[in-house]
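Counting from 419, one number per residue, gives the positions in the sequence shown under my numbering. Read through the structure below, which is laid out as C-alpha cells, and then see the notes.
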Amino acid sequence: MAGEDGKPVGDATTGADGKWEVPVPQAGTYKVTLDESTLPQGVALKFKDRATLNVQVYEGSERNVLFALAPAGQPGEAAAESSSGASSFWDRVAQLTFEGFNLGLIIALAAMGLSLVFGTTGLTNFAHGELLTFGAMCAYFFNVVLGIPLVLAAVISVVIGGAFGYTQDRFFWGVLRKRGSSLVAMMIISIGLALFLRYVFLFFFGGEGAPYADYNAQPGIQVGPISAAPKNFIAMGIELAVLVIVGLALLKTRIGKAARAVADNPALAASSGINVDGVIRIIWTVGGAIASLAGVMLGLSQNVSYQMGFQILLLVFAGVTLGGLGTAFGALVGSIVVGLFIQLSTVVVPTELKTVGALLVLILVMLFRPQGILGRRERIG
419 MAGEDGKPVG DATTGADGKW EVPVPQAGTY KVTLDESTLP QGVALKFKDR ATLNVQVYEG
479 SERNVLFALA PAGQPGEAAA ESSSGASSFW DRVAQLTFEG FNLGLIIALA AMGLSLVFGT
539 TGLTNFAHGE LLTFGAMCAY FFNVVLGIPL VLAAVISVVI GGAFGYTQDR FFWGVLRKRG
599 SSLVAMMIIS IGLALFLRYV FLFFFGGEGA PYADYNAQPG IQVGPISAAP KNFIAMGIEL
659 AVLVIVGLAL LKTRIGKAAR AVADNPALAA SSGINVDGVI RIIWTVGGAI ASLAGVMLGL
719 SQNVSYQMGF QILLLVFAGV TLGGLGTAFG ALVGSIVVGL FIQLSTVVVP TELKTVGALL
779 VLILVMLFRP QGILGRRERI G
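Here's what the structure looks like:
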C-alpha cells in the first residue's frame, strides 16, 4: 500500500477469513496493490486491470477494499490467457450488471416503503434509513447474540420492524397529523428523529461494523461470466418476490385499493367510508416490515453498522424520485436504474465516484420528466 507520493505505507497478509488491515498515517488517497503471486493455487484476479485500486481515506474512518477473485481457468477470469481483451471487458460488464440488479433490489425494498408512506401521507421521512438499520440490528441480535439461525432471525426482525412502523405512526406521526402539523415541520422532525435513532444505535451497537454469524464466507459459484455467492442469488429471489407480492396487493386487495384511494384524495376517501387513519397505519406497518427486510438483506451483503441506513438513504430517495413520487412500481423501476448506474459507472469512473452516475441520471430525468419515470403530471395551482 502506497500514498499519493508513491512511498510505501505498509503491507498486510490476509487471515484465514480473508480479512486484512493496514493503518495509515493520515487522511488522503492511497493505492492498494494485490500481490497476485501470493494468491492460493487455483485462484486468480477476476479482472486483471483491478490489481491496484485507489481509495480515499477520511479522518477517523475506515475504508473497505475488495478484490474480485475467481477460480483459475473459469470464464471471465482476467488472469487466464485470452485471445481478446474484449471478452474480459464484457465479462466485467455482465458481473457489474448482476451486482447492479442486486443493489437495485435492496434499494427498491427500502424505496417501496418510503414511497408508500409518502403517497398516503405526503411525508418525506428522513428517518426511513434508520428503519433499515433497526431491522438489520434486530436480525444481528437474534442471530449473533442469541444464536438463532439467520433465516428465523430475519423473519422475527421483519415482524418487529412492522410493529415498530405501526408504533411510530400510532404514537408519534399520527399524533402530529391530528394536531395539524405541516408537512415541512414533520419533515424537519424526521431529520431530528433520524439523528436521535442513529446515535441510539451507536450507543448500543458501537461504531464498528460486524457480520452475521451465518452465510458470512460462502464460496462463489460461476454462472457464465457471473461469479457470486449462493446467498446473493437467493436474496435477489426473495427481494423480487416480496416486491411483486406487495405490488399485486396494492392492485388486487381491498386494503391496497383503499391505500391508492387515500393517496389520490384523502378527503374523498374518508367521505366514501374509508378509515384513512387505519389505512395509513397499515401502510406504516408494511413499510416498516419491508424496510427491516431491506436492512437484513443489506447487512447480508455487507457488515451491519449503526449508519448503514443513513449511507443508503440518498440512493433510496434517488430511486423514489426517479421512478415517480408516491408510486410503488415507480420506486422499483427507479431503484433498479439507480443500482445499475452505480455499478456500471465503475467501468469508466473510479469506484469512489460511482454514485455520481446515478445522481446524474436523476438530475437529467428531473429536467425532462419532473414527474419521474412512472409518475403522472399534475396541475399545480
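Glycine residues also receive a C-beta, built at the ideal position from the N, C-alpha and C atoms.
Among the options, the one whose alpha carbon lies nearest that of residue i
i	options	result
residue 704	663, 691, 692	663
residue 645	513, 475, 556	513
residue 612	547, 566, 558, 749	547
residue 641	633, 634, 650	650
residue 602	759, 540, 750	540
residue 623	469, 458, 708, 558	558
residue 528	778, 766, 709, 722	709
residue 556	742, 574, 452	574
residue 637	461, 629, 545	461
residue 482	609, 526, 628, 606	628
residue 757	730, 747, 766	730
residue 468	764, 785, 780	764
residue 550	760, 595, 751, 616	616
residue 433	519, 458, 442	458
residue 579	609, 531, 607	531
residue 759	750, 773, 658	773
residue 581	733, 553, 596, 666	553
residue 589	442, 781, 695	695
residue 571	717, 737, 607	717
Assigned secondary structure, residue i (DSSP; H/G/I helix, E/B strand, else coil)
i	result
residue 648	helix
residue 437	coil
residue 463	strand
residue 513	helix
residue 692	coil
residue 471	strand
residue 484	coil
residue 767	coil
residue 659	helix
residue 628	strand
Where the beta strand (DSSP E) through residue i begins and ends
i	result
residue 446	446-451
residue 442	No beta strand (DSSP E) contains residue 442, which DSSP labels as neither H nor E.
residue 427	Premise fails: residue 427 is in no beta strand (DSSP E) and is neither H nor E.
Cutoff 7 Å; reference residue i; Cβ partners in own chain excluding five residues on either side
i	result
residue 538	677, 680, 681, 697, 698, 701
residue 632	561, 567, 568
residue 535	541, 543, 701, 702, 705
residue 437	none
residue 521	757, 760, 761
N-terminal and C-terminal residue of the alpha helix (DSSP H) that residue i is part of
i	result
residue 606	601-623
residue 722	Where residue 722 is concerned, there is no enclosing alpha helix (DSSP H), given that its DSSP letter is neither H nor E.
residue 680	672-682
beta-carbon residue i near the ligand SAH non-hydrogen atom, thresh 6 Å
i	result
residue 585	Ligands in the displayed structure: none, and consequently the ligand SAH is not present.
Close Cβ partners of residue i (< 6 Å) along its chain, the five nearest in sequence each way excluded
i	result
residue 620	724
residue 542	605
residue 733	525, 756
Cut-off 8 Å between Cβ atoms - residues of its own chain near residue i, not counting five sequence neighbours on either side
i	result
residue 470	449, 450, 451, 452
residue 762	511, 514, 515, 518, 775
residue 661	523, 526, 527, 530, 750
residue 688	694
| said: Going residue by residue through the region 511-595, where are the continuous alpha helix (DSSP H) segments of at least 4 residues, counting only ones entirely within it? | reply: 546-558, 568-586
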